[in-house]
Amino acid sequence: AQKVTQAQTEISVVEKEDVTLDCVYETRDTTYYLFWYKQPPSGELVFLIRRNSFDEQNEISGRYSWNFQKSTSSFNFTITASQVVDSAVYFCALSEEMTGNQFYFGTGTSLTVIP
Amino acid sequence: DAGVIQSPRHEVTEMGQEVTLRCKPISGHDYLFWYRQTMMRGLELLIYFNNNVPIDDSGMPEDRFSAKMPNASFSTLKIQPSEPRDSAVYFCASSPVHRAGEKLFFGSGTQLSVL
Numbered sequence: 222a223q224k225v226t227q228a229q230t231e232i233s234v235v236e237k238e239d240v241t242l243d244c245v246y247e248t249r250d251t252t253y254y255l256f257w258y259k260q261p262p263s264g265e266l267v268f269l270i271r272r273n274s275f276d277e278q279n280e281i282s283g284r285y286s287w288n289f290q291k292s293t294s295s296f297n298f299t300i301t302a303s304q305v306v307d308s309a310v311y312f313c314a315l316s317e318e319m320t321g322n323q324f325y326f327g328t329g330t331s332l333t334v335i336p
Numbered sequence: 363d364a365g366v367i368q369s370p371r372h373e374v375t376e377m378g379q380e381v382t383l384r385c386k387p388i389s390g391h392d393y394l395f396w397y398r399q400t401m402m403r404g405l406e407l408l409i410y411f412n413n414n415v416p417i418d419d420s421g422m423p424e425d426r427f428s429a430k431m432p433n434a435s436f437s438t439l440k441i442q443p444s445e446p447r448d449s450a451v452y453f454c455a456s457s458p459v460h461r462a463g464e465k466l467f468f469g470s471g472t473q474l475s476v477l
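Chains as they are written, first to last, in this note's numbering: chain A, 222 to 336; chain B, 363 to 477.
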């Protein structure tokens with residue numbers, strides 16, 4: 222079974238629109254961590270954020286915000302006022318305490334921001 | 363501060379040839395991971411090392427794949443003989459410790475094309 226599901230394969234938005242990337246996870250562990258990574262066209266994977274299972278506070282960093290809801294097992298990522306430079310593939314990932322540093326990645330969401 | 367360095371960035375080879383991918387982890391990081399990224403399967407963990415010792419190679423697809431880490435600053439992933447289905451992006455990542463929640467630092471990847 223897929224531990225991390227990113228149902229949106231591809232999204233296109235016009236510049237300055239807001240966009241939300243969905244991430245749903247599955248775990249039996251009580252201590253776990255959720256991550257978002259960005260993969261721009263240049264190919265590298267860039268770390269964006271990490272949250273642990275005990276901290277459900279939403280986080281905002283500039284135009285980026287993350288909404289963590291344990292009740293729905295979701296960790297969604299919103300980009301406000303999108304820009305062309307936001308065009309990338311975004312990966313959500315799960316790391317469980319019981320499996321150490323094993324990362325479970327979603328299949329990614331390809332975001333295209335149209336100028 | 364140098365990140366994870368991979369070489370080559372791109373490799374094109376013919377079926378049956380030996381391919382060697384290289385990785386230099388971040389200095390001081392005791393854990394090194396090799397991942398493969400394909401459209402069909404997303405990001406898959408192939409193998410990881412702790413202090414140069416292979417810990418889990420259960421993700422290595424078959425005997426044609428081998429990985430070594432002769433010292434703390436260098437690792438190789440070898441495919442011999444290569445096949446077209448090995449075409450993918452291969453990422454190397456490192457982390458300082460092995461525990462849930464520790465983020466991975468990724469290299470830029472090697473785009474492998476086997477003709």
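Where a beta carbon is used, it is the ideal one built from N, C-alpha and C, also for glycine.
Query, Result
"Per-residue burial, Ile441 of chain B [other beta carbons within 10 Å of its own, 16 or more giving buried]", "buried"
"Bridge partners - Phe453 of chain B, DSSP secondary structure assignment", "B:Tyr397"
"Same chain, Cβ closer than 6 Å to Thr333 of chain A, five either side skipped, listed in chain order", "Ser233, Ser308"
"Beta carbon proximity, Glu318 of chain A to chain B, threshold 8 Å", "yes"
"Contact set between Thr328 of chain A and chain B, taken where Cβ atoms lie within less than 7 Å", "Gly404"
"Cβ-Cβ distance between Ala429 of chain B and Asn414 of chain B below 8 Å", "no"
"Interface residues of the segment 228 to 257 of chain A facing chain E [CB-CB below 9 Å]", "Within the model displayed, chain E is absent; protein chains A and B are what it includes."
"Continuous beta strand (DSSP E) assignments of at least 3 residues falling wholly in the segment 367 to 445 of chain B", "367 to 369, 372 to 375, 381 to 386, 393 to 400, 404 to 412, 415 to 418, 427 to 433, 436 to 441"
"Under the three-state DSSP convention, the category Asp320 of chain A falls into", "Per the sequence shown, residue 320 of chain A should be read as Thr rather than Asp. Looking at Thr320 of chain A - three-state DSSP - the assignment turns out to be helix."
"For Arg284 of chain A: DSSP bridge partner residues", "Bridge partners of Arg284 of chain A: none, in fact."
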